[in-house]
Each structure stands twice: as C-alpha cells, then as structure tokens.
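The next block holds one structure in the form of structure tokens; read it before the comments.
Numbering (the numbering used here), first residue to last: 2 to 104.
Here it is, written out as structure tokens:
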C-alpha cells in the first residue's frame, strides 16, 4: 500500500469485513454451519438413500451447497499480507471434499 493512511483505511475496512463474516452462519443450525457438517449430511444421505441421491441429481447440487462455506474461507484470506493460501484451501486435498459426491 502506498502510505500509512491508506494502510490504516485498508486495515479498518478489512476488520469490518471480518467482523461481518463472523456472523454469516450465526443463525444457521449446527448441521449446516460448517463445510464438514454439510458434507457429512450429504454423505449420510447418499449412503442411506443412494437411489434417491442419484434421482435428485444431488451430485450436481453439491457445489452450490459448498459454495458459501468456500467463499467464506476465501474471504478470510488476505493475499496482500499473507504468504500462504487461505486457511481451508488444503481442505479438498486433505479430506477429499468432493470424493464420493459424483454419480
């Protein structure tokens, strides 16, 4: 950033955005408040009702269901002041988030 006042404005706005981000899933039930929880629910549905899972094309809906959680993780990443990827970026590599959600 160019000068101290610009850096201060950036930091102030960044803190406002992070405070707002903390409230995104505040009113969501526990079973939908995290990516892992959503993934677990979908895995349970697929294992209990594989035919229905396929019939409703659930594998096509998974990206839309995961998107808010992934976007929130990316929002927390500050590429101007961080040397690493977002905190949850390695999630798909570590836990194979999409594994098993294809047909």
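Think of the CB as a built atom: it goes at the ideal place given N, C-alpha and C, for glycine as much as any other residue.
Since the structure is predicted, the reported quantities are computational estimates derived from the model, not experimental observations.
Buried versus exposed, by CB contacts within 10 Å (16 or more), residue i
| i | result |
| --- | --- |
| residue 94 | Confidence is the limiting factor: at residue 94 the pLDDT is only 49, short of 50, which leaves the residue's position unreliable and the question unanswerable from this model. |
| residue 50 | exposed |
| residue 57 | exposed |
Check whether residue i and residue j have beta carbons under 9 Å apart
| i | j | result |
| --- | --- | --- |
| residue 37 | residue 46 | no |
| residue 43 | residue 19 | no |
| residue 39 | residue 66 | yes |
**Asked** Can you give, in chain order, each stretch of the beta strand (DSSP E) that sits fully within the stretch 13 to 78 and has at least 3 residues?
**Response** Segments of the beta strand (DSSP E) lying fully in the stretch 13 to 78: there are none.
**Prompt:** Per the contact definition of three or more C-beta pairs closer than 8 Å, is the stretch 18 to 31 in contact with the stretch 62 to 78?
**Reply:** yes
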